[in-house]
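Peer 1: Note that our numbering gives residue 60 to position 44 of the sequence shown, counting from 1, and the numbers run on in steps of one. Even glycine gets a Cβ: it sits at the ideal position worked out from N, Cα and C. Below is a structure I'd like to ask you about.
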Amino acid sequence: MVGSAIVRHLLASGYPESCIITRTHSELDLTNQAAVNEFFATEKPDQVYLAAAKVGGIHANNTYPADFIYQNLMIEVNVIDAAYRNGVDKLLFLGSSCIYPREVPQPMPEEALLTGTLEPTNEPYAIAKIAGIKLCESYNRQYGTDYRSVMPTNLYGPGDNYHPENSHVIPALIRRFHETKENHASSVTIWGTGKPMREFLFVDDMAAASVHVMNLDKATYGAHITPMQSHINVGSGADITIRELAETIAKVINYKGKIEFDSTKPDGTPRKLMNSTLINTLGWQPKVTLEEGLKLAYQDFLNNTIRDNQRN
Numbered sequence: 017m018v019g020s021a022i023v024r025h026l027l028a029s030g031y032p033e034s035c036i037i038t039r040t041h042s043e044l045d046l047t048n049q050a051a052v053n054e055f056f057a058t059e060k061p062d063q064v065y066l067a068a069a070k071v072g073g074i075h076a077n078n079t080y081p082a083d084f085i086y087q088n089l090m091i092e093v094n095v096i097d098a099a100y101r102n103g104v105d106k107l108l109f110l111g112s113s114c115i116y117p118r119e120v121p122q123p124m125p126e127e128a129l130l131t132g133t134l135e136p137t138n139e140p141y142a143i144a145k146i147a148g149i150k151l152c153e154s155y156n157r158q159y160g161t162d163y164r165s166v167m168p169t170n171l172y173g174p175g176d177n178y179h180p181e182n183s184h185v186i187p188a189l190i191r192r193f194h195e196t197k198e199n200h201a202s203s204v205t206i207w208g209t210g211k212p213m214r215e216f217l218f219v220d221d222m223a224a225a226s227v228h229v230m231n232l233d234k235a236t237y238g239a240h241i242t243p244m245q246s247h248i249n250v251g252s253g254a255d256i257t258i259r260e261l262a263e264t265i266a267k268v269i270n271y272k273g274k275i276e277f278d279s280t281k282p283d284g285t286p287r288k289l290m291n292s293t294l295i296n297t298l299g300w301q302p303k304v305t306l307e308e309g310l311k312l313a314y315q316d317f318l319n320n321t322i323r324d325n326q327r328n
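See the structure below:
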């Protein structure tokens, strides 16, 4: 999802398509060190956007913790090391807001990293993302590379994963409300109490932020970070409860039935709002409102559903 949005933004910004190198997972397994090394040795890119990751919601993180920590660590180690060994000038690593402790001041500032205990439901994924930040910092300190890290809040939009069990909250709810409406069922049940607060950012806004940070000159970027505190938060600046999110998605889909909450299921972190003051100071602001973004996401879901039905 994020990689495709970055490509869209680069093309819209005037980068020639011939200069943009991409690989799907089926074309290049980033957990395979030999394959990654061969790719970098052959293609010799000047810049790398490391947006690839194994991601999922609470259910997926709880069910496959070993997969989440192993695959994400391998992706990061292989790509960052191969980039250095093949002379890549600049690299941008995309992390996650889950790197911050469960109990942390809100909105979450960059300096909150490693100050407390992580949220248990996604600790393996968070550990892997923290390792990615520290890999970039360590290669910069030892080898003088210019490898940067951005920490996005919860992302959604075109290209999202709408799997009924392994998706994040927005695509999962879009699918659930749509199918309930289509099946004329009377209610939708959502995990947890509906009270946790979450921040969401449209993926094309994240792509713009990524390119913006990558293109900052080294002096400007360096003036706002330190060697041991080099990551930059990227968020929308506002959060809502899961209940409010569900009600907004129901409105977008025109679902009129009941919305119920299963309080026996985990809520996850009580609140996750990023402090995005730094990236705002550096000249980036989000453009897409949540309701606008949800309409675009729902249209993407419908397009995917139509394509899947045509294949079948």
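Within its chain, find whatever has a CB closer than 6 Å to the CB of E59; leave out the 5 residues flanking it on each side and keep chain order.
Peer 2: Walking along the sequence shown from the start, residue 59 turns up at place 43. I37.
Peer 1: What does a CB cutoff of less than 6 Å around F109 pick up in its chain, not counting 5 residues either side in sequence?
Peer 2: One-based indexing of the sequence shown puts residue 109 at position 93. Closer than 6 Å at Cβ, skipping near neighbours: L66, G148, C152, S165.
Peer 1: In angstroms with no decimal places, state the Cα-to-Cα distance between V229 and V93.
Peer 2: If you number the sequence shown from 1, residue 229 lands on position 213. If you number the sequence shown from 1, residue 93 lands on position 77. Taking the straight line from one Cα to the other gives about 22 Å.
Peer 1: Tell me, to the nearest whole angstrom, how far the beta carbon of L217 is from that of T169; I am working on the premise that it is less than 8 Å.
Peer 2: Numbered from 1 along the sequence shown, position 201 holds the residue referred to as residue 217. Numbered from 1 along the sequence shown, position 153 holds the residue referred to as residue 169. Taking a contact as a CB-CB distance under 8 Å, the pair L217 and T169 counts as one, their CB atoms being some 5 Å apart.
Peer 1: Should K197 and Y141 be called a contact, given that it needs their Cβ atoms to be closer than 9 Å?
Peer 2: Locating residue 197 in the sequence shown gives position 181, where the first residue counts as 1. Locating residue 141 in the sequence shown gives position 125, where the first residue counts as 1. For K197 and Y141, no; Cβs fall outside 9 Å.
Peer 1: Hey, how far is the Cα of L312 from the Cα of V219?
Peer 2: As a working note, residue 312 is residue 296 in the sequence shown. As a working note, residue 219 is residue 203 in the sequence shown. Going by the C-alpha atoms only, they are around 11 Å apart.
Peer 1: Once you ignore the five residues that flank M222 on each side, which residues in its own chain have a CB closer than 7 Å to its CB?
Peer 2: Locating residue 222 in the sequence shown gives position 206, counting from the first residue. These residues qualify, in order along the chain: V18, A21, P168, L171, V250.
Peer 1: With a threshold of 16 other CB atoms inside 10 Å of the CB of M290, please say whether the residue is buried or exposed.
Peer 2: As a first step, residue 290 must be located in the sequence shown, where it is residue number 274. Buried, since its Cβ has 16 or more Cβ neighbours within 10 Å.
Peer 1: Using beta-carbon positions only, say whether H41 and N182 come within less than 9 Å of one another.
Peer 2: Taking the sequence shown and counting its residues from 1, the one referred to as residue 41 is at position 25. Taking the sequence shown and counting its residues from 1, the one referred to as residue 182 is at position 166. Taking 9 Å as the cut-off, the beta carbon of H41 is found no closer than this to the beta carbon of N182.
Peer 1: Taking only three categories from DSSP, how would you classify D220?
Peer 2: In the sequence shown, counting from the first residue as 1, residue 220 sits at position 204. The answer is helix: DSSP assigns D220 an H, G or I state.
Peer 1: Taking just the CA atoms, how far does L26 sit from Y237?
Peer 2: Within the sequence shown, residue 237 is the residue found at index 221, counting from 1. Within the sequence shown, residue 26 is the residue found at index 10, counting from 1. For Y237 and L26, the distance between alpha carbons rounds to 20 Å.
Peer 1: Should E185 and A266 be called a contact, given that it needs their Cβ atoms to be closer than 9 Å?
Peer 2: The sequence position of residue 185 within the sequence shown is 169, counting from 1. The sequence position of residue 266 within the sequence shown is 250, counting from 1. Residue identity differs from the one stated: residue 185 is Val in this sequence, not Glu. Cβ atoms of V185 and A266: not closer than 9 Å.
Peer 1: Thinking A118 and T280 are a contact (beta carbons under 8 Å), I'd like their distance in whole angstroms, please.
Peer 2: The residue labelled residue 118 in the question sits at position 102 within the sequence shown. The residue labelled residue 280 in the question sits at position 264 within the sequence shown. At residue 118 the sequence reads Arg, which differs from the Ala that was named. Incorrect: roughly 20 Å between the Cβ atoms, too far for contact.
Peer 1: To the nearest angstrom, how far is it from the Cα of P121 to the Cα of E127?
Peer 2: In the sequence shown, counting from the first residue as 1, residue 121 sits at position 105. In the sequence shown, counting from the first residue as 1, residue 127 sits at position 111. Taking the straight line from one Cα to the other gives about 11 Å.
Peer 1: Which residues share a DSSP beta bridge with F109?
Peer 2: For the purposes of this step, residue 109 is taken as residue 93 along the sequence shown, with counting starting at 1. L66, S165, per the DSSP bridge assignment.
Peer 1: Quick one: what's got a C-beta closer than 7 Å to P123's C-beta in the same chain, skipping five residues either side?
Peer 2: Position 107 of the sequence shown, counting from 1, holds the residue named residue 123. For P123, where only same-chain residues beyond five positions count, the Cβ hits under 7 Å are L289, M290, N291.
Peer 1: Give the range of the alpha helix (DSSP H) segment to which I146 is assigned.
Peer 2: For the purposes of this step, residue 146 is taken as residue 130 along the sequence shown, with counting starting at 1. In this chain, the alpha helix (DSSP H) harbouring I146 covers 139–159.
Peer 1: Where in the segment 167–227 do unbroken runs of the beta strand (DSSP E), each at least 3 residues long, occur, reported from the N-terminal end onward?
Peer 2: 170–172, 203–207, 213–218
Peer 1: Under 8 Å by Cβ, that's how I've got A144 and N88 pegged, so tell me the actual separation to the nearest angstrom.
Peer 2: For the purposes of this step, residue 144 is taken as residue 128 along the sequence shown, with counting starting at 1. For the purposes of this step, residue 88 is taken as residue 72 along the sequence shown, with counting starting at 1. About 4 Å; that satisfies the 8 Å criterion.
Peer 1: With F317 and R191 assumed to form a contact (beta carbons below 8 Å), what rounded beta-carbon distance in angstroms separates them?
Peer 2: For the purposes of this step, residue 317 is taken as residue 301 along the sequence shown, with counting starting at 1. For the purposes of this step, residue 191 is taken as residue 175 along the sequence shown, with counting starting at 1. Confirmed, Cβ separation roughly 7 Å.
Peer 1: Give the DSSP-derived three-state secondary structure of F248 in the structure shown.
Peer 2: Here the question's residue 248 lines up with position 232 in the sequence shown. Looking at the sequence itself, residue 248 is Ile, so the reference to Phe does not match. If DSSP states are grouped into helix, strand and coil, I248 belongs with the strands.
Peer 1: Kindly list the residues whose CB is nearer than 6 Å to the CB of V227, restricted to its own chain and excluding five residues on each side of it in sequence; keep chain order.
Peer 2: One-based indexing of the sequence shown puts residue 227 at position 211. The residues H25, in chain order, have a CB closer than 6 Å to that of V227 in the same chain once the five nearest residues on each side in sequence are set aside.
Peer 1: Enumerate in chain order the residues of its own chain whose CB-to-CB distance from A82 is below 8 Å, with the five nearest sequence positions on each side excluded.
Peer 2: Position 66 of the sequence shown, counting from 1, holds the residue named residue 82. So the qualifying residues of the chain are P140.
Peer 1: Hey, could you find the ends of the alpha helix (DSSP H) E54 is sitting in?
Peer 2: As a working note, residue 54 is residue 38 in the sequence shown. Element bounds for E54: 49–59.
Peer 1: Within its chain, find whatever has a CB closer than 7 Å to the CB of T209; leave out the 5 residues flanking it on each side and keep chain order.
Peer 2: Taking the first residue of the sequence shown as position 1, residue 209 is located at position 193. Cβ neighbours of T209 beyond the five flanking positions: F277, S279, D283.
Peer 1: Kindly list the residues whose CB is nearer than 8 Å to the CB of S246, restricted to its own chain and excluding five residues on each side of it in sequence; keep chain order.
Peer 2: For the purposes of this step, residue 246 is identified with residue 230 of the sequence shown, where counting begins at 1. Excluding sequence neighbours, S246 sits near I149, C152, E153, N156, R164, S165.
Peer 1: Quick check: what's the CA-CA separation for T131 versus I295?
Peer 2: In the sequence shown, residue 131 corresponds to position 115, counting from 1. In the sequence shown, residue 295 corresponds to position 279, counting from 1. Answer to the nearest angstrom: the Cα atoms are 22 Å apart.
Peer 1: Just to confirm my understanding: we take I269, look at its own chain, exclude 5 residues before and 5 after, and list those with CB closer than 8 Å. What are they?
Peer 2: Along the sequence shown, read from residue 1 onward, the residue named residue 269 stands at position 253. So the qualifying residues of the chain are I190, F193, H194, K197, Y314.
Peer 1: Can you look up M290 in the DSSP assignment and give me helix, strand or coil?
Peer 2: Locating residue 290 in the sequence shown gives position 274, counting from the first residue. In the structure shown, M290 sits in a strand (DSSP, three-state: E or B).
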